[in-house]
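Enquirer: So for the sequence shown, the numbering used here puts the first residue at 33; every next one is plus one. Sending over a structure as structure tokens; questions will come in a sec.
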Amino acid sequence: MSDVVGKGFWSWSYDEVMRREGSDLDVRVVVAGIPQDVKNELKYDQVPWSRFWHGYGPAVNVPEDLEQVASPDDQTAGRALKKLGDEVLHEGGTYPPAALATPFLLRLAVAPVAHHRADLLLLVGGAARRRYYGDGTRKGLLQIEDDHPMVLLSGELENWAVRAARIALTADVSLLLELLNDADARVRSGACYVLATVLDGTELVSLALRRRLDVEDVPAARVSIVLALAQLAAEHHDESTVELLRQWWSAPDRPVDWRVSAAIGWLCLVDDPVPEELRTLLTTQITDELAEQLGGVPWMEGVDWDGGGLRRCVHLMLNPEVDWRAVHGDPWAEPSK
33 MSDVVGKGFW
43 SWSYDEVMRR
53 EGSDLDVRVV
63 VAGIPQDVKN
73 ELKYDQVPWS
83 RFWHGYGPAV
93 NVPEDLEQVA
103 SPDDQTAGRA
113 LKKLGDEVLH
123 EGGTYPPAAL
133 ATPFLLRLAV
143 APVAHHRADL
153 LLLVGGAARR
163 RYYGDGTRKG
173 LLQIEDDHPM
183 VLLSGELENW
193 AVRAARIALT
203 ADVSLLLELL
213 NDADARVRSG
223 ACYVLATVLD
233 GTELVSLALR
243 RRLDVEDVPA
253 ARVSIVLALA
263 QLAAEHHDES
273 TVELLRQWWS
283 APDRPVDWRV
293 SAAIGWLCLV
303 DDPVPEELRT
313 LLTTQITDEL
323 AEQLGGVPWM
333 EGVDWDGGGL
343 RRCVHLMLNP
353 EVDWRAVHGD
363 PWAEPSK
């Protein structure tokens, strides 16, 4: 197969891209081979960053970025994290250095003294997913990996980078499970977002999420748990969770945030027509206060980072034939004269 991918200067044949598979230029192989002591002791310089590119060129600067992210100074750490995110999740795409950085970012997020711990988890969770901004559809919201090859400007497959990040996360499930009981609700929510992408050990992860759900009292964190359970079920074909979600959204004694998130998750897992009871729930129970509360849930931020993710997601699921922008306006449209 010799189809050309990319355009102009940034173009490669499919064969050229695939020639890296299984080699030391395949980030999945490199991530799987990072020694445990390198991860635990934050030996950034022991990782072959120069083999891979981020959105602005060779990733040789990433070790310095990671050092700055770990800074005791809040502002220094925040600037470094934003810079790193712009580089390795450039324009929403996961570049290979994002996967290489994942084990280190997780260890920083676990440290109670670290700054921006929830944002560290959001970066990691974003690295382990396809770019889905704006896709709050029943098919798209919980889809983790792309069905077709996605080639980055660097000539590397984004699909491999996403899978490599998931490999890294799966190796560190025990660290993530600790965060489900963190004192910071945003950290708990971020941990759910990351745990939803693991490749193995999903029964253990689902059990831990269910246990946390029994005691979770913050709506945004509770919604994150429910959506994580739904995403794990979608990825690993867990029919028991499908039935559980149906029971939750149809139970009037459950908190409304719990019911709404269960309804969204259930819609993503089935092909059934939308039941009238569910449609009524999603069209009458989402108040402005609830939409604002849940706007910061990672999945909803992925649909609309300006806080309108919940309403946009519900619209796309209930009215897929109606363009969201036709109803709510296009923020990028030219102003009318």
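Ideal Cβ placement from N, Cα and C applies to all residues, glycine included. None of the values given here were measured: they were computed from a predicted structure.
Rank 286, 273 and 182 by C-alpha distance to the C-alpha of residue 45 and give the top, closest one.
Expert: Cα-wise, what sits closest to residue 45 is 182.
Enquirer: Buried or exposed: which applies to residue 171, given that a residue is buried once 16 or more other Cβ atoms fall within 10 Å of its Cβ?
Expert: exposed
Enquirer: Can you tell me whether residue 263 is buried or exposed? The criterion is at least 16 other CB atoms within 10 Å of its CB, across all chains shown.
Expert: Answer is buried; the Cβ neighbour count reaches 16.
Enquirer: Should residue 73 go down as buried or exposed, given a rule of 16 or more other Cβ atoms within 10 Å for buried?
Expert: exposed
Enquirer: Quick one: which unbroken alpha helix (DSSP H) runs of 4-plus residues sit fully inside the region 163 to 247? Chain order, please.
Expert: Within the region 163 to 247, the complete alpha helix (DSSP H) runs of at least 4 residues are 190 to 203, 205 to 210, 217 to 227 and 234 to 247.
Enquirer: Ignoring anything shorter than 3 residues or poking outside the region 121 to 167, list the beta strand (DSSP E) runs there in chain order.
Expert: none
Enquirer: Does the distance from the C-beta atom of residue 306 to that of residue 313 stay below 8 angstroms?
Expert: no
Enquirer: So residue 318 is in the alpha helix (DSSP H); what residue range does that whole segment cover?
Expert: Careful: residue 318 lies outside any alpha helix (DSSP H) and carries neither H nor E.
Enquirer: Exposed or buried, what is residue 147 when buried is set at 16 or more other beta-carbons lying within 10 Å of its beta-carbon?
Expert: buried
Enquirer: Just to confirm, are residue 158 and residue 119 a CB contact at a threshold of 8 angstroms?
Expert: Contact annotation: residue 158 and residue 119 have beta-carbon atoms that are not nearer than 8 angstroms.
Enquirer: Taking the alpha-carbon of residue 186 as reference, which of 342, 48 and 327 has the nearest alpha-carbon?
Expert: 48
Enquirer: Starting from residue 62 and walking both ways along the alpha helix (DSSP H), at which residues does that stretch end?
Expert: In the DSSP assignment, residue 62 falls within the unbroken alpha helix (DSSP H) covering 59 to 64.
Enquirer: What is the rounded straight-line gap between the Cα of residue 195 and the Cα of residue 176?
Expert: 9 angstroms
Enquirer: By how many angstroms is the C-alpha of residue 295 removed from the C-alpha of residue 67?
Expert: 42 angstroms
Enquirer: In whole angstroms, what separates the C-alpha of residue 101 from that of residue 279?
Expert: 43 angstroms
Enquirer: To the nearest angstrom, how far is the alpha carbon of residue 243 from that of residue 271?
Expert: Rounded to whole angstroms, residue 243 to residue 271 spans 19 angstroms at the Cα level.
Enquirer: So if DSSP puts residue 372 in a beta bridge, which residue, or which two residues, is it bridged to?
Expert: Residue 372 lies beyond the residue range present for the chain, which begins at 33 and ends at 369; the question has no answer from this structure.
Enquirer: Look at the Cβ atom of residue 335, then the Cβ atom of residue 167, and state whether they are nearer than 8 angstroms.
Expert: yes
Enquirer: On the three-state DSSP scale, how would you describe residue 55?
Expert: coil
Enquirer: If you draw a straight line from the alpha carbon of residue 220 to that of residue 56, how long is it in whole angstroms?
Expert: About 35 angstroms.
Enquirer: Per DSSP, what kind of secondary structure is residue 75 in: helix, strand or coil?
Expert: Residue 75 carries a coil assignment under DSSP once its states are collapsed to helix, strand and coil.
Enquirer: Decide if residue 23 is buried, meaning its Cβ has at least 16 other Cβ atoms within 10 Å, or exposed.
Expert: Nothing about residue 23 can be read from this structure; the chain reaches only from 33 to 369.
Enquirer: Give me the Cα-Cα distance between residue 320 and residue 231, rounded to the nearest whole angstrom.
Expert: C-alpha separation (whole angstroms): 36 angstroms.
Enquirer: My parser needs the alpha helix (DSSP H) runs of 4 or more residues fully inside the region 248 to 275; what are they?
Expert: 251 to 268
Enquirer: Going by the beta-carbon positions, is the gap between residue 211 and residue 145 smaller than 8 angstroms?
Expert: no
Enquirer: Candidates 310, 129 and 105: which alpha carbon is nearest residue 94's?
Expert: It is 129.
Enquirer: Since I believe residue 255 is in contact with residue 293 (beta carbons under 8 angstroms), could you give me their beta-carbon distance rounded to a whole number of angstroms?
Expert: 4 angstroms
Enquirer: Going by DSSP in three states, residue 278 sits in which element: helix, strand or coil?
Expert: In the structure shown, the three-state DSSP call for residue 278 is helix.
Enquirer: What do you get for residue 58, buried or exposed, if any count of 16 or more other CB atoms within 10 angstroms of its CB means buried?
Expert: buried
Enquirer: From 269, 164, 96 and 71, pick the residue whose C-alpha is nearest to that of residue 139; which is it?
Expert: Restricting attention to 269, 164, 96 and 71, the CA atom closest to the CA of residue 139 is found in 71.
Enquirer: How would you write the range of the alpha helix (DSSP H) that residue 293 sits in, first residue to last?
Expert: 288 to 301
Enquirer: DSSP on residue 352, reduced to helix/strand/coil?
Expert: coil
Enquirer: When the Cα of residue 161 is compared with those of 125, 137, 152 and 287, which residue comes out closest?
Expert: With distances taken between Cα atoms, residue 161 lies closest to 125.
Enquirer: Please determine, among 250, 274, 266 and 53, the residue with the shortest C-alpha to C-alpha distance to residue 287.
Expert: 250
Enquirer: Cβ of residue 323 within 8 angstroms of Cβ of residue 343?
Expert: Cβ atoms of residue 323 and residue 343: closer than 8 angstroms.
Enquirer: Would you decide whether residue 156 is buried or exposed? Buried here means 16 or more other CB atoms lie within 10 Å of its CB.
Expert: buried
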